[in-house]
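Residue 224 in UniProt numbering is what sits at position 224 of the sequence shown, and the numbering runs on without skipping anything. Idealized CB from N, CA, C, for every residue including glycine. Nothing here was measured: the structure is a model prediction, and the numbers come from that model.
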Amino acid sequence: MSTWNILEKKDKMTQSELLAGLIDEAEAIVVGIGAGMSAATGFVYTGPRFKDNFPDFIEKYNFFDMLQAFVFMDWESPEEMWAFKSRFVKLNYFDQPEGLAYTQLREVLESRNYHVITTNADTAFYRSNYDMDKVYRCQGEYGLIQCYDFCHQQAYPLSPEWNQEMVDKQENMEIPTEIMPRCPRCGQFMEINKRDAVRDMVEDYDFHRQRKLYESFLADNQEKKVLYLESGVGTTTPQFIRDPFQDMTGENENAVYVTMNRKPYRIKEDARERTVRITEDIAETFADVHQLLMK
Ligand SMILES: [Zn+2]
């Protein structure tokens with residue numbers, strides 16, 4: 001099988017050296033980024049970052065992390081939902097600082113033929129100055145809002161000033177009704193444009209444009225030496241990154257699939273032989289790869 005020179009030497013290399021070698025030898029790199037990447041670079045959804053910002057909601061609903069709270073459906077009112085979500089969006093979108101692992105990865109990728117797909121909805125790619133036409137945000141973004149009734153397929157940017165007003169003026173876990181984001185077409189309240197397992201999400205022109213750019217990249221490169229590099233992808237939504245990456249690896253004998261994940265999981269048979277597992281810390285691995293390739 002292997003058309004990859006680096007794989008012949010893999011037993012003598014560290015995981016970071018092997019990944020750097022694969023990136024260097026690939027003719028195309030498809031990067032899939034999940035929540036574990038943001039967590040590895042400091043944006044965790046548990047611990048003090050969660051407890052210090054939402055003590056009232058934790059006390060009332062016994063949430064165990066921010067993700068569980070974000071997908072919660074049984075709010076007493078939309079005013080209460082926005083009291084939580086405005087604080088969430090401030091923390092995980094408008095005020096999110098730069099993540100070093102994202103910047104190091106961008107510098108490594110920049111001179112190469114690559115495209116990114118992410119299930120994350122935070123601002124990590126913006127903060128690290130990625131070309132956003134190369135980042136397909138397939139699950140939506142925390143900074144976009146949509147009609148709660150999906151009355152039309154358009155997402156709108158939530159202004160940071162409006163979000164801050166909802167944070168500042170909330171009392172007893174409710175925002176004032178008069179500053180509720182409202183649908184410009186039907187007047188219903190609005191919610192975050194983030195895909196939900198039950199309700200799905202609004203997909204507008206820009207979303208489809210991103211999807212087409214990603215699909216064109218896949219089609220243009222599908223016969224080449226493709227590196228499918230998956231980082232921090234969990235088990236909740238395998239249909240966006242994990243399953244297609246393994247399928248595409250199985251279909252292209254020149255492709256290699258790299259999974260950066262501490263937890264081992266079952267790899268589809270067709271891809272198994274060309275799978276490389278990176279089990280070391282994501283942030284440390286990207287720091288090492290950056291050093292190896294950028295010197
Ligand atoms: Zn509407």
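Query raised in the report: Closer than 6 Å: is that where the CB of residue 371 sits relative to any heavy atom of ligand 1?
Result: Look at the range of the chain in this structure, 1 to 295, and you will see that residue 371 is not part of it.
Query raised in the report: Leaving out five residues before and five after glutamine 153 in sequence, what residues of the same chain have Cβ atoms less than 7 Å from its Cβ?
Result: If we look at glutamine 153 and ignore the five residues flanking it on each side, its Cβ neighbours are Val202, Glu203 and Asp204.
Requested in this report: Would you check whether ligand 1 has a heavy atom nearer than 6 Å to the C-beta of cysteine 138?
Outcome: Not under cutoff, so the answer is no.
Query - Proximity to residue 343 [Cα-Cα], best of Asn254, Arg277, Ser77 and Gln239 - result: Here the chain covers residues 1 to 295 and nothing more, so residue 343 does not appear.
**Report entry** Coarse secondary structure for alanine 28, derived from DSSP in three states
**Finding:** Here alanine 28 sits in strand by DSSP.
Query raised in the report: Which whole runs of the beta strand (DSSP E) in the stretch 139-178 are 3 residues long or more, in chain order?
Result: You should have 140-147.
Query - Extent of the continuous alpha helix (DSSP H) run through lysine 194 - result: Taken as a continuous stretch (DSSP letters only), lysine 194 belongs to no alpha helix (DSSP H), being part of the beta strand (DSSP E) at 190-194.
Query - Residue nearest to arginine 87 in terms of C-alpha spacing, selected from Lys10, Phe54, Arg274 and Leu218 - result: Residue nearest to arginine 87 within the set Lys10, Phe54, Arg274 and Leu218 is Phe54 (criterion: CA-CA distance).
Report task. Apply the 10 Å Cβ neighbour rule to glutamate 178 and answer buried if 16 or more other Cβ atoms are within range, or exposed otherwise. Result -> With fewer than 16 Cβ atoms within 10 Å of its Cβ, glutamate 178 is classed as exposed.
Query raised in the report: Within the chosen definition, does the stretch 134-142 reach the stretch 49-67 through at least 3 CB pairs nearer than 8 Å?
Result: Touching, no.
Report task. To the nearest angstrom, report how far apart glycine 47 and methionine 66 are at their CA atoms. Result -> Each residue's alpha carbon lies about 10 Å from the other.
**Report entry** Contact test: glutamine 153 Cβ vs ligand 1 heavy atom, cutoff 6 Å
**Finding:** No.
Query raised in the report: With 16 other CB atoms within 10 Å as the buried threshold, where does serine 16 fall?
Result: Counting of Cβ neighbours within 10 angstroms places serine 16 among the buried residues, the total reaching 16 or more.
Query raised in the report: Would DSSP call isoleucine 241 helix, strand or coil?
Result: DSSP places isoleucine 241 in coil when its eight states are reduced to three.
Query raised in the report: Around the C-beta of residue 325, are 16 or more other C-beta atoms found within 10 angstroms, so that it is buried, or is it exposed?
Result: There is simply no residue 325 to check, as the chain begins at 1 and stops at 295 in what is shown.
Query raised in the report: Over what stretch of residues does the beta strand (DSSP E) that includes methionine 260 continue unbroken?
Result: Taken as a continuous stretch (DSSP letters only), the beta strand (DSSP E) holding methionine 260 covers 256-260.
Query raised in the report: What distance in whole Å lies between the Cβ atoms of valine 233 and asparagine 252, which are believed to be in contact at a cut-off of 8 Å?
Result: Not really, about 20 Å apart at Cβ, beyond 8 Å.
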